[in-house]
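Following UniProt numbering, the numbering of the sequence shown begins with 1 at its first residue and continues without gaps. I have placed the structure first, in the form of structure tokens, so that the comments after it can refer back to it.
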Amino acid sequence: MAAADATATSKLASYFARLSPVPAFPEYTGPFKVGTVDVEIPVTDLHSPSPAPANAVDIPTVQFRVFYPAVPESSEKRITWLPNPQRHHVSAYTKFVGIGPTLADILSFLPRHLHYTTIPVHKNAEAADSETKRWPTMIFSHGLGGGRNSYSYIAGSLASHGVVVFCPEHRDGSAAVSFIRLADSSSRFFSSAARRIVPYNRIPHHVTPEVYEAREDQLRVRLWELGLLHDAMLAIDEGRGFTNMNLTTPTLKQFIGRLDVHEPGRIIFGGHSFGAATVHQFLKCNYYADVAEVANMKKPLFTPAKDSSIRKQITEKNVTMLLDMWCLPVLGPNSKPLYDLPLPVYADVPSAPGGTALLAVESEAFHNWTEHLHVKAKLLSPDPTSKTVTPPLFERPSGMKLPEPNFFYVVNSAHLSQSDFGILFPWLTKKIFDAEQPERALRLNLRAQLQLLRANGIPVARTYAGDLVDGAHVDKLNIKKDDQIPLTEEGIDDDRAIFDRSGNDSVDHWKWIDLIGLGDFVGENFGKSVEEEVEEGEEQMQVEFRDIPRDRADISVRDKPVVTFKEDVSFAKDNAASRKDGARSKSEENNGAVPAVKEPEIKNLYTNIYEGKLWWLEQDPNGKLSAIMPPEDVEKFAVIHRRHISEHIESHSIVIHSPHLKEALKPVFQDYPEIDFTSSSLQIMAPFLCFVYRWEQFKAAKDEAAPHPETKAYMDLLYNVIVERLRNSVDAREHCLETRTVTFVELWTICPPGSGVLYRGHDNNPVYGREPGYCRHLQAFQVIRSSYKTATDGKQLYVREYKFIGMWQGLAWYQGEVEISQYEGLKEFASLPLIPLEGHEHQGQFITRLGGRGQKFMNLASSSAQPKEYDRGALSRRECGCIGGGIEVEGRIMLGGEKDGLSPGDYKLLQRLQANHDDVFTSSSSSSESSSSQVPPTLTEDQLMYTSPVIRAWSFKKEAWMDLLVDGMRDVQFDENALKSMILPKAAHVGIKTFVKGYMAAGPHHDQAIHLVGGPCTGKTRTAEAIAEVCQKQLITINAYDLGINSSIVKRKLRGVFKTACARNTWCVRDFEGLVFFSSDRIQDLQPYLQGRISLQIDLSPLGPGQRERIWTSSVKDSASRAGLRRYDLPKDKMEQLIRIDLNRKQIEKATER
1 MAAADATATS
11 KLASYFARLS
21 PVPAFPEYTG
31 PFKVGTVDVE
41 IPVTDLHSPS
51 PAPANAVDIP
61 TVQFRVFYPA
71 VPESSEKRIT
81 WLPNPQRHHV
91 SAYTKFVGIG
101 PTLADILSFL
111 PRHLHYTTIP
121 VHKNAEAADS
131 ETKRWPTMIF
141 SHGLGGGRNS
151 YSYIAGSLAS
161 HGVVVFCPEH
171 RDGSAAVSFI
181 RLADSSSRFF
191 SSAARRIVPY
201 NRIPHHVTPE
211 VYEAREDQLR
221 VRLWELGLLH
231 DAMLAIDEGR
241 GFTNMNLTTP
251 TLKQFIGRLD
261 VHEPGRIIFG
271 GHSFGAATVH
281 QFLKCNYYAD
291 VAEVANMKKP
301 LFTPAKDSSI
311 RKQITEKNVT
321 MLLDMWCLPV
331 LGPNSKPLYD
341 LPLPVYADVP
351 SAPGGTALLA
361 VESEAFHNWT
371 EHLHVKAKLL
381 SPDPTSKTVT
391 PPLFERPSGM
401 KLPEPNFFYV
411 VNSAHLSQSD
421 FGILFPWLTK
431 KIFDAEQPER
441 ALRLNLRAQL
451 QLLRANGIPV
461 ARTYAGDLVD
471 GAHVDKLNIK
481 KDDQIPLTEE
491 GIDDDRAIFD
501 RSGNDSVDHW
511 KWIDLIGLGD
521 FVGENFGKSV
531 EEEVEEGEEQ
541 MQVEFRDIPR
551 DRADISVRDK
561 PVVTFKEDVS
571 FAKDNAASRK
581 DGARSKSEEN
591 NGAVPAVKEP
601 EIKNLYTNIY
611 EGKLWWLEQD
621 PNGKLSAIMP
631 PEDVEKFAVI
641 HRRHISEHIE
651 SHSIVIHSPH
661 LKEALKPVFQ
671 DYPEIDFTSS
681 SLQIMAPFLC
691 FVYRWEQFKA
701 AKDEAAPHPE
711 TKAYMDLLYN
721 VIVERLRNSV
731 DAREHCLETR
741 TVTFVELWTI
751 CPPGSGVLYR
761 GHDNNPVYGR
771 EPGYCRHLQA
781 FQVIRSSYKT
791 ATDGKQLYVR
801 EYKFIGMWQG
811 LAWYQGEVEI
821 SQYEGLKEFA
831 SLPLIPLEGH
841 EHQGQFITRL
851 GGRGQKFMNL
861 ASSSAQPKEY
871 DRGALSRREC
881 GCIGGGIEVE
891 GRIMLGGEKD
901 GLSPGDYKLL
911 QRLQANHDDV
921 FTSSSSSSES
931 SSSQVPPTLT
941 EDQLMYTSPV
951 IRAWSFKKEA
961 WMDLLVDGMR
971 DVQFDENALK
981 SMILPKAAHV
991 GIKTFVKGYM
1001 AAGPHHDQAI
1011 HLVGGPCTGK
1021 TRTAEAIAEV
1031 CQKQLITINA
1041 YDLGINSSIV
1051 KRKLRGVFKT
1061 ACARNTWCVR
1071 DFEGLVFFSS
1081 DRIQDLQPYL
1091 QGRISLQIDL
1101 SPLGPGQRER
1111 IWTSSVKDSA
1121 SRAGLRRYDL
1131 PKDKMEQLIR
1141 IDLNRKQIEK
1151 ATER
């Protein structure tokens, strides 16, 4: 015993010697000086909102310290960090850290530094005036081993920025020691006769029913004390009479009317560790007091009266700060009704601020405690009962979208770093807990706390410039110049960088924790309850002052095991294939040994990237991880659950080496995206949603008799593990497909990757209903992936990425996405922008019709430069894979080539489809090599369904490239009798027939030139159209007005026209001199070198009476037809009058249009 004490004495003396000289707290950085008062009030002087718990019968007072903004002239003496009686507090702390009671009492007499350490506050200083009349007011609850002075840096810093902070000292046995003044004692000093001691109650950290009950007993006292503290705050502000048993505090009248404690939702609540858990339960017990499950708790923690002031105070608006919250005390089975309810900030009421009013800051030690982090993520979410935290959880049943909480951790910090202990014992926390720069951890916490208050409309002073040394908005975030926050020597009023979630490390050693995806920790605890997870992880809970180990290596954290890369660690190198599924190795066969029958298991292995190389690791019974050498030895395990170690230990995948098991799963996932059966191992990535989408196939594969019993056993094992994890999701998917309705949360279940969805744009013809619903621009997309995300305005979106085959930049797969805004309740599939094809009552009809259109699309894609007829609308704005709208287009069109036409707009080229170079396709109507093209790739029936409903084409009528509907295209039918209806002189008819006959006999030529001569509206254009029609040529027209008079513009336009005409094997006509196929009403004589190139010249004379009569008759007939008349003939006398008027064709047609 003497030796042990000597060792402990030497150790403590060594530690404390390193801490000399006396450590000092840094000055607070806010603009206010800080005052403090110490208060202890008899319980009988206060109104308790809840009955005192049975274990509080010996607690007659409530004790707390107040930190508050003081006047600039404050010069009162500072207080010591150790409360009186100091010697007893030193003894209590030394006992708390594990030194024997006898030695602790002896050491408490030593004049060590704790006796002289002071807090930079002024005792009983005059309170400053607030510009808002009342100071924001906060309650802060301490953790294990703490007290009313233990968080003086946090409380004092907030006070220096304009917040009054009340720090209670809990008498539940969680403080290192607490002294209760006896009411019948008049002594102003803590003599043994005037006090009663509440020692620290050392409760194990192992999870047992007894531990749960013990922690809940402590919570009952703590919550009762917080209720009393709240009433004390009201009494102080109201000037109500009570006794302050701490006689060193002369008066509290300076606080009358200065505390913002009356308006509901105004008090700020915070705590550290056990204190954070206390605040968590206190808020829920009050806010949900009328919820039946809470009201009917067998052993309630706190039962506030319905008309109590604390019930009125706690609303969904109370700003909440949870620092390194310790979750074990809230997980007891008795507290399940409270656990199942969210924090009040997430209440389903319009005024709920959600995560905007919630700050949770972790130390790196707690952040790396994986199971604990996942449990905490649920507690910080709107639905703690959810298996995983997902974006839809932040949509309340009313449809209101709530922001996620402000959840961060400080790099290289320990659990103690958020209390005064980090400053008082910096070397100790560095040596034992690997913590660095404790002041930095507190500085970052302060910045976040101040910004949280600003974000919720609570007035506080600006953040001091010196506190921004770790990074601020103006020097870290890339923002617009006019948006920059002015950084002065005094600091900033909006510290946005501290809540930056971009991942850009705007603030050093400050990391955002994304809740999404947390909550469902998969590993050794695969499928276990929250309580079981915490139980197995509880040993890594390093409380405020843990037992000091003999050696740093003695500290082991179960879920952060020591990784050792030992070259001598190896397994017997058996034949990998023979070891799979329990077969004997070659060495066993040679020795004649019969291996023991081993139950099949899913082997848990870890991976880690070390020096750029992937290492496989196995955990031994002592919790250490050792490398598997050589790495190929992992193949001897038939099924592996791979967990990857990075910042967290995360479930990565299921790896299957068994060839028989791979073969059994092949029918299930053969065509599933991202699952590769060609590699030596089959890898199924977490979170294993592929099983949800292929559940029926998976069950069928399991139920089939396997040729190898071991394979069947592994299939059953895998099925049991997956069904436990994903059964609810499978049921949700089946229900959605059966009812054709879906909630926003379950959108992910209805469209697996690789499945088909229907998109109809704005078409009025429904896709889902009694009719097939096929429409000309209905489109099928193939799903790539889907995910939930938060928009810039904070609203939730469901984003579905898809692909389809189009031809904007060549034949290729194009990618797009559609966003679905969060909605309330159920939606029918028919109302979704993308409708699942699976399970549709007309699924077969859609596949047939879409496949048929896809084949037509591919035929058109191979017919570039070919003329077509079109009789449907074009589309003017992008929708359903095309540009949608209501432009009517009819007449001749020309299909485009790869470099022609429109861009894909918002769509992204994903992957080109390679053409078949073994053959060249030439249309039967093609007349030049320019019209031939490569045969496109052969598509499967499924792929044909995903082709675009539009294809690029040139409209001769609109003179523009357009996306035109595939269903509106048909082959051109040239009119061989087009010339017969022309009103031409006889000589012209003869000349044209001779030209056409020679042209058709000789074959196509590009150098034909025809000169049409005549006055305005004598029929030159119609003559050109008729000649082109009988020659089976498309006509491109351009006139002098379109060309303009600028020579460079004329040259550019003509070059474009003739390039198009040549590429498309067309003719060009209209009103310009001398090129290709032209006409003129002003040029009668051509230059000799042009005249020699003319193949045909036609002189079109002005109309005579006979020609005008034929035109009048034809035009009147057409006009009558348009008016709905079967026939109308002009009277003979009227006709004779009309034909004597010298009108051309266009004038006559205009007259009859009226």
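Glycine residues also receive a C-beta, built at the ideal position from the N, C-alpha and C atoms.
Under the three-state DSSP convention, the category residue i falls into
i	result
Tyr346	helix
residue 1157	Summary: the structure shown does not reach residue 1157, with the chain confined to residues 1 through 1154, and so no result is reported for it.
Leu605	strand
Gln822	coil
Asp971	strand
Asn859	helix
Met945	helix
Ala70	strand
Gln437	coil
Ala953	strand
Arg222	helix
Asp581	For Asp581, the predicted model reports a pLDDT of 43, less than 50, meaning its position is unreliable; a value from the coordinates is still stated below. Note: Asp581 maps to helix in three-state DSSP.
Arg134	coil
Gly885	Legend: pLDDT at Gly885 = 47, less than 50; position of this residue unreliable, value from coordinates given subsequently. Note: Gly885 maps to coil in three-state DSSP.
residue 1177	In the structure displayed, the chain extends from 1 to 1154; residue 1177 sits before or after that span and is not available.
Arg501	coil
Leu747	helix
Lys123	strand
Gln845	helix
Through-space distance from residue j to residue i, alpha-carbon basis
i	j	result
Ala441	Val221	30 Å
Gln418	Val330	21 Å
Leu341	Glu404	16 Å
Leu380	Ser351	18 Å
Pro867	Pro673	40 Å
residue 1155	Leu468	Here the chain comprises residues numbered 1 to 1154, so residue 1155 is not present and cannot be evaluated.
Arg287	Leu747	Just to set this straight, residue 287 is Tyr in the shown sequence, not Arg. Spanning the two alpha carbons is a distance of roughly 32 Å.
Arg462	Ser160	11 Å
Asp383	Gln843	37 Å
Ile722	Leu826	27 Å
Glu1149	Met894	29 Å
Thr741	Ile750	10 Å
Thr80	Pro687	54 Å
Those residues which DSSP pairs with residue i across a bridge
i	result
Leu358	Thr320
Asp38	Arg65
Glu650	His644
Trp512	Phe408
Chain-order list of residues whose beta-carbon lies under 7 Å from that of residue i (same chain, five-residue window excluded)
i	result
Tyr714	Pro600, Ala638, Val639, Ser658, Leu661
Ala664	Ala701, Ala706, Thr711, Met715
Ser831	none
Lys376	Met325, Cys327
Spatial neighbours of residue i in its chain, beta-carbon cut-off 6 Å, leaving aside the 5 residues before and after
i	result
Val818	Arg800, Pro833, Leu834
Asn406	Leu359, Phe499
Arg443	Asp467
Own chain residues within Cβ distance below 8 Å of residue i, not counting five before or after
i	result
Cys736	Val742, Glu746, Thr749, Ile750
What residue ranges within the segment 697 to 742 form continuous alpha helix (DSSP H) runs of no fewer than 4 residues, ordered along the chain? 709 to 739
Please give me, in chain order, every unbroken run of the alpha helix (DSSP H) with length at least 4 that falls completely inside the segment 250 to 315. 274 to 287, 292 to 295, 309 to 313
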